[in-house]
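Peer 1: My questions will all concern the structure given below.
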Amino acid sequence: MTLSRRSLLALGATLPLLARPAAAQPLRIEITEGVSEPMTIAIPPFLDEGGAAEQTRALRDLVARDLTGTGLFREIATGTMPAQGQGIDAAPAWQEWRAADAQALVLGAARMDAGKLHVSFRLYDIFAARPLGDGLSFDGPPEGWRRLGHKLADRVYSRLTGEDPYFDSRIAFVAESGPRTARIKRLAVMDQDGENVRYLTDGAELVLSPRFSADGRRIVFVSFAGGAPRLAEIALDGGPPRLLPSEPGVMAFAPRPSRDGRWLVHSRSRDGDTDIWQTDATGSLARALVTGAGIDTAPGLAPDSSAMVFESDRSGAQQLYLMQLDGGGEAQRISFGEGRYSTPAWSSTGDLIAFTRRVGDRFMIGVMRPDGSGERLLTEGPHDEGPSWSPNGRVVVFTRQERAENGRARLHAVDIAGRDMRPVELKAAASDPDWGPLLP
Numbered sequence: 001m002t003l004s005r006r007s008l009l010a011l012g013a014t015l016p017l018l019a020r021p022a023a024a025q026p027l028r029i030e031i032t033e034g035v036s037e038p039m040t041i042a043i044p045p046f047l048d049e050g051g052a053a054e055q056t057r058a059l060r061d062l063v064a065r066d067l068t069g070t071g072l073f074r075e076i077a078t079g080t081m082p083a084q085g086q087g088i089d090a091a092p093a094w095q096e097w098r099a100a101d102a103q104a105l106v107l108g109a110a111r112m113d114a115g116k117l118h119v120s121f122r123l124y125d126i127f128a129a130r131p132l133g134d135g136l137s138f139d140g141p142p143e144g145w146r147r148l149g150h151k152l153a154d155r156v157y158s159r160l161t162g163e164d165p166y167f168d169s170r171i172a173f174v175a176e177s178g179p180r181t182a183r184i185k186r187l188a189v190m191d192q193d194g195e196n197v198r199y200l201t202d203g204a205e206l207v208l209s210p211r212f213s214a215d216g217r218r219i220v221f222v223s224f225a226g227g228a229p230r231l232a233e234i235a236l237d238g239g240p241p242r243l244l245p246s247e248p249g250v251m252a253f254a255p256r257p258s259r260d261g262r263w264l265v266h267s268r269s270r271d272g273d274t275d276i277w278q279t280d281a282t283g284s285l286a287r288a289l290v291t292g293a294g295i296d297t298a299p300g301l302a303p304d305s306s307a308m309v310f311e312s313d314r315s316g317a318q319q320l321y322l323m324q325l326d327g328g329g330e331a332q333r334i335s336f337g338e339g340r341y342s343t344p345a346w347s348s349t350g351d352l353i354a355f356t357r358r359v360g361d362r363f364m365i366g367v368m369r370p371d372g373s374g375e376r377l378l379t380e381g382p383h384d385e386g387p388s389w390s391p392n393g394r395v396v397v398f399t400r401q402e403r404a405e406n407g408r409a410r411l412h413a414v415d416i417a418g419r420d421m422r423p424v425e426l427k428a429a430a431s432d433p434d435w436g437p438l439l440p
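Take the sequence shown: its position 310, counting from 1, is numbered 310 in my numbering, and each next residue is one higher.
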């Protein structure tokens, strides 16, 4: 029994998640009809096995935040937990944990050894009275404890949901400061939970639309260095931004790298006409993919890069269109609801496309299947736009712009059932997110 994305679609807009323990089957979160009931999970204080007292507290809290932040798990208060046994490999007191209403139990330990932080954990199914998989260990520099915690939470999440993980990943975004009329925008990257923010540009030039390369090592973005928008890229391991080749009089924007890293698609505008082009990864060897009168922009690629979704006003208003790239053919319109559709983003799992929909002064984030069916709206806010998918295709991050005079933008995340929306905690205003792949 696993948390199936296809089941989510089949059940429609109200998709409850019910934790169902069973002695005969491995513990899993299963989708059923009814009321949503998160799985109860116990995460006692991690054991300090030598010189890691501070890290054990921080690691336990990070794992708990990652898991409960999904909305799929409810943590049991530490004050109601039974006494912990001797070491994480010792058999838990099954009856006492059942009495505490725990369905899953995470036991962790950490130690410092030869300048490295070693973290290990075991996951237990309380009702079946057995471990869920083997124990695992991770190690790394002490200052990298957050990554170790995210890796641990990823393993627990995957074992209990059957889904791919996403906690050990990063989000690129545009950090904003200053008044609306003189806003400074810097390219930045952070952990998916808003920590470890790192600025990649100094704010001297306007930047927009950061997009991770498939391997997560580079970011392609729009730079206004020189005044007009053009494509640039920057390596995350250091070095200044590099402008990609451009033609005089042509504005380039809305980049989207292919999943194999060999090429990218983007929009080009000249003399009021905006089309979609394909270039190799260096910005050379360009060819037109979508041309014609009007505005064709915001391309998004299928996971295998065989098809492209984009927005176009060819019908008179912004709508979404899908086109196959491996055999030609005409673009097919896939959005037909009221209002305007824009900023499509194809999930890494291939089964959903997220988008921004505007009806009057209402802005919403929604999802649909690639053929346009099964449309569901996940959010409605003052100005919700620009969705981007988590690596496992379960969560969408987007920008919400406040209506206040100074209009601060913040990043929010929501799951594909439209529940458990939360802000990404950042001190500065932020917009234009792009969720990168799992870190190696």
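The C-beta atom is built at its ideal place from N, Cα and C for all residues, glycine as well. These figures come from a predicted structure and were not determined experimentally.
#1: Which value, in whole angstroms, describes the spacing of the CA atoms of Arg287 and Val265?
#2: If you check the beta carbons only, do Leu136 and Tyr124 fall under 7 Å apart?
#3: For the stretch 345-394, which segments carrying the beta strand (DSSP E) assignment without a break, of at least 3 residues, lie completely within its bounds, in sequence order?
#4: If you count every other CB in all the chains shown that lies within 10 Å of the CB of Tyr199, and 16 or more means buried, which is it?
#5: In the DSSP assignment, find the unbroken beta strand (DSSP E) run with Asp280 in it and report its ends.
#6: Considering only DSSP beta bridges, list what Gln319 is partnered with.
#7: Among all the DSSP beta bridges, which residues are the ones paired with Val207?
#8: Within its chain, find whatever has a CB closer than 6 Å to the CB of Leu426; leave out the 5 residues flanking it on each side and keep chain order.
#9: Taking 6 Å as the cut-off, is the C-beta of Leu105 nearer than that to any heavy atom in the ligand ADP?
#10: Which residues in the same chain have their Cβ closer than 6 Å to the Cβ of Asp313, if we skip the five residues on either side of it in sequence?
#11: Can you tell me the Cα-Cα spacing of Val35 and Arg403, whole angstroms?
#12: If you count every other CB in all the chains shown that lies within 10 Å of the CB of Ile184, and 16 or more means buried, which is it?
#13: If we call anything under 7 Å between Cβ atoms a contact, is Gly393 one with Leu377?
#14: What whole-angstrom Cβ distance do Phe363 and Pro387 have, given they're in contact under 8 Å?
#15: Return the CA-CA distance between Leu152 and Gln332, expressed in angstroms with no decimal places.
#16: Can you find the residues in the same chain that come closer than 6 Å, C-beta to C-beta, to Thr441, ignoring five residues on each side of it along the sequence?
#17: Specify whether the stretch 142-150 and the stretch 329-349 touch according to this definition: at least 3 beta carbon pairs, one from each stretch, less than 8 Å apart.
#18: Arg217 and Leu244 - do their beta-carbons sit closer together than 7 Å?
#19: Does DSSP put Thr14 in a helix, a strand or coil?
#20: Could you pull the DSSP bridge partners for Asp191 from this structure?
#21: By DSSP, does Arg256 sit in helix, in strand, or in coil?
#22: Going along the chain, which residues of its own chain have a beta-carbon closer than 6 Å to the beta-carbon of Asp326, five neighbours each way excluded?
Peer 2: Judging by the given coordinates:
#1: The count along the sequence shown starts at 1 and reaches residue 287 at position 287. The count along the sequence shown starts at 1 and reaches residue 265 at position 265. Taking the straight line joining both Cα atoms gives about 10 Å.
#2: By 1-based counting over the sequence shown, the position of residue 136 is 136. By 1-based counting over the sequence shown, the position of residue 124 is 124. No, these two residues do not count as a Cβ contact at 7 Å.
#3: 353-359, 362-368, 376-381 and 384-389
#4: For the purposes of this step, residue 199 is identified with residue 199 of the sequence shown, where counting begins at 1. Tyr199 is exposed by the Cβ-count criterion.
#5: Along the sequence shown, read from residue 1 onward, the residue named residue 280 stands at position 280. Where Asp280 is concerned, the enclosing beta strand (DSSP E) stretches over Asp273 to Asp280.
#6: Position 319 of the sequence shown, counted from the start, is the residue given in the question as residue 319. Answer is Ser312, bridged to Gln319.
#7: Counting from 1 along the sequence shown, the entry for residue 207 is found at position 207. DSSP lists Ser223 as partners of Val207.
#8: For the purposes of this step, residue 426 is identified with residue 426 of the sequence shown, where counting begins at 1. For Leu426, where only same-chain residues beyond five positions count, the Cβ hits under 6 Å are Gly194.
#9: Absence of the ligand ADP is noted for the structure shown, with no ligands found whatsoever.
#10: Looking up residue 313 in the sequence shown gives position 313. So the list reads Gly294 and Ile295, once near-sequence residues are dropped.
#11: Taking the first residue of the sequence shown as 1, we reach residue 35 at position 35. Taking the first residue of the sequence shown as 1, we reach residue 403 at position 403. Interpretation of Val35 is limited by its pLDDT of 40, a score under 50 that renders its predicted location unreliable; no figure is taken from the coordinates.
#12: Position 184 of the sequence shown, counting from 1, holds the residue named residue 184. With fewer than 16 Cβ atoms within 10 Å of its Cβ, Ile184 is classed as exposed.
#13: Walking along the sequence shown from the start, residue 393 turns up at place 393. Walking along the sequence shown from the start, residue 377 turns up at place 377. Cβ distance not < 7 Å, so Gly393 and Leu377 don't count as in contact.
#14: Counted from its first residue, the sequence shown places residue 363 at position 363. Counted from its first residue, the sequence shown places residue 387 at position 387. Not confirmed; about 11 Å, so no contact.
#15: Here the question's residue 152 lines up with position 152 in the sequence shown. Here the question's residue 332 lines up with position 332 in the sequence shown. Roughly 43 Å separates the two Cα atoms.
#16: For residue 441 there is no data in the structure shown, the boundaries of the chain being 1 and 440.
#17: no
#18: Counted from its first residue, the sequence shown places residue 244 at position 244. Counted from its first residue, the sequence shown places residue 217 at position 217. No. Outside cutoff.
#19: Mapped onto the sequence shown, residue 14 falls at position 14. Summary for Thr14: the model assigns pLDDT 30, below 50, so the residue's position carries little reliability; its value from the coordinates is reported in the next sentence. Note: Thr14 maps to coil in three-state DSSP.
#20: To locate residue 191, count along the sequence shown from 1; it is residue 191. Answer is Arg170.
#21: Along the sequence shown, read from residue 1 onward, the residue named residue 256 stands at position 256. In this structure, Arg256 counts as strand in the three-state DSSP scheme.
#22: Here residue 326 corresponds to residue number 326 of the sequence shown, with the count starting at 1. These residues qualify, in order along the chain: Ser306.
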